[in-house]
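Student: In our numbering, the protein residues as written are -3 to 197. In this text, a Cβ means the ideal position worked out from N, Cα and C, and glycines have one as well. None of these values were measured; they are calculated from a predicted model. Below you will find the structure I want to go over with you.
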Amino acid sequence: MTDPERGRLKAFPVLFCILFNKMLRRFRLQLSDRRLRAALRIIGDCRLGIGDLAASPGVAAAFFKPLRKRLAGALAAPPASAAGSAAAAAAEDLAGRLEKFFTDLALHGMVPDQPIKNALLCLQKACGEAPSLLSLRRRTKTLAGIHALSAAAQKELRLARRAARSAGSDFPANLKFDTMYSGLDAVLNAFMRCAAALYEA
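What follows is the structure, encoded as structure tokens:
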């Protein structure tokens, strides 16, 4: 056996222990960090509710009320990690912005157009990927996929806003859609902040 081979064999147990300790830390964090668990649950609830809320946006306040109450309880608990606190704060912002988006949609009596539907679908898919951000093995690939989904949604919203602003007719309706596009773009930004915090957990 050559010296380089002996060196690799000696290094393997050390690297294995480091990786195992990191995995064990993240597992303990998921079990003990109430704020981190609350952030993940908010994201999961949003994923499940997006389709129904798009069809019936008037129920947004009733849908988000128990979510906000549960998250407030988690935020009142002592922080277990900086990442958990950041994720919970971002999840609170996400829930608030998503609730406002659907509430405004109902208030204006608007039906989601194709850009909004596509952006919501991207958000729904990205929310479904969020738990994998806590996996050491999958988190980098997962974050890249989430970035791609968010970028695709925001690009479509930018194009839709540009079209609404340049349209020469039906100005009031176009102004409403422009506002909704901006609101949904802010939702996506809030989700990305939450995803970044989960990645760092």
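For the alpha helix (DSSP H) that contains SER52, what are its first and last residues?
Tutor: Looking at the DSSP string, SER52 is not in any alpha helix (DSSP H), and its letter there is neither H nor E.
Student: Which runs of the alpha helix (DSSP H) at least 4 residues long sit entirely within the segment 25 to 86? Give them in chain order.
Tutor: Within the segment 25 to 86, the complete alpha helix (DSSP H) runs of at least 4 residues are 30 to 51 and 56 to 72.
Student: Rounding to the nearest angstrom, what Cα-Cα distance links GLU125 and GLY92 in this structure?
Tutor: Roughly 21 angstroms between the two C-alpha positions.
Student: Would you report the Cα separation of ALA148 and GLN110, rounded to the nearest angstrom?
Tutor: Their backbone Cα atoms lie some 14 angstroms apart in a straight line.
Student: Report yes if the C-beta distance between LEU194 and LEU129 is below 8 angstroms; otherwise report no.
Tutor: Yes, these two residues count as a Cβ contact at 8 angstroms.
Student: Could you tell me the distance, in whole angstroms, from the CA atom of CYS123 to the CA atom of ALA163?
Tutor: Computed Cα separation, rounded: 33 angstroms.
Student: So ALA57 and THR99 are supposed to be a Cβ contact under 8 angstroms. How far apart are they, rounded?
Tutor: The Cβ separation is near 6 angstroms, so the contact holds.
Student: Could you spell out where the alpha helix (DSSP H) holding GLY124 opens and where it closes?
Tutor: Residues 110 to 125.
Student: For a test of the three-state rule: what should DSSP assign to ALA163, helix, strand or coil?
Tutor: Note: ALA163 maps to coil in three-state DSSP.
Student: Quick check on GLY141: does DSSP put it in helix, strand or coil?
Tutor: DSSP places GLY141 in helix when its eight states are reduced to three.
Student: Under 7 angstroms Cβ to Cβ from GLN150, same chain only, skipping five residues before and after it: list those, please.
Tutor: Excluding sequence neighbours, GLN150 sits near ASP181 and LEU184.
Student: Under the three-state reduction of DSSP, which class applies to GLY105: helix, strand or coil?
Tutor: Coil at GLY105, not helix or strand.
Student: Assuming ALA83 contacts LEU32 (C-beta within less than 8 angstroms), just tell me the rounded distance between them.
Tutor: Rounded, the Cβ-Cβ distance is 6 angstroms, consistent with contact.
Student: Determine the burial state of PRO74: buried for a count of at least 16 other Cβ atoms within 10 Å of its Cβ, exposed for fewer.
Tutor: Counting Cβ neighbours within 10 Å, PRO74 comes out exposed, since fewer than 16 surround it.
Student: So, with DSSP's three-state summary, where would you put ARG133?
Tutor: Three-state result, ARG133: coil.
Student: Could you compute how far the alpha carbon of SER154 sits from the alpha carbon of TYR177?
Tutor: In the sequence as presented, Ser is not what sits at residue 154; that position holds Arg. Near 8 angstroms, if we compare the C-alpha coordinates of TYR177 and ARG154.
Student: Taking just the CA atoms, how far does ARG135 sit from ARG21?
Tutor: At ARG21, the pLDDT of 49 sits below 50, so the modelled position is not reliable; the number obtained from the coordinates is stated separately. About 15 angstroms.
Student: Do you know how far the Cα of LEU119 is from the Cα of GLU252?
Tutor: Limits of the chain in this structure are -3 at one end and 197 at the other, which puts residue 252 out of reach.
Student: List the whole-angstrom C-beta distance separating PRO127 from LEU44, where the pair is believed to meet the contact cut-off of C-beta under 8 angstroms.
Tutor: 13 angstroms between Cβ atoms; not a contact.
Student: For the candidate residues PHE59, ALA156, ALA115 and ALA160, whose alpha-carbon lies nearest to that of LEU145?
Tutor: Considering only alpha carbons, the answer is ALA115.
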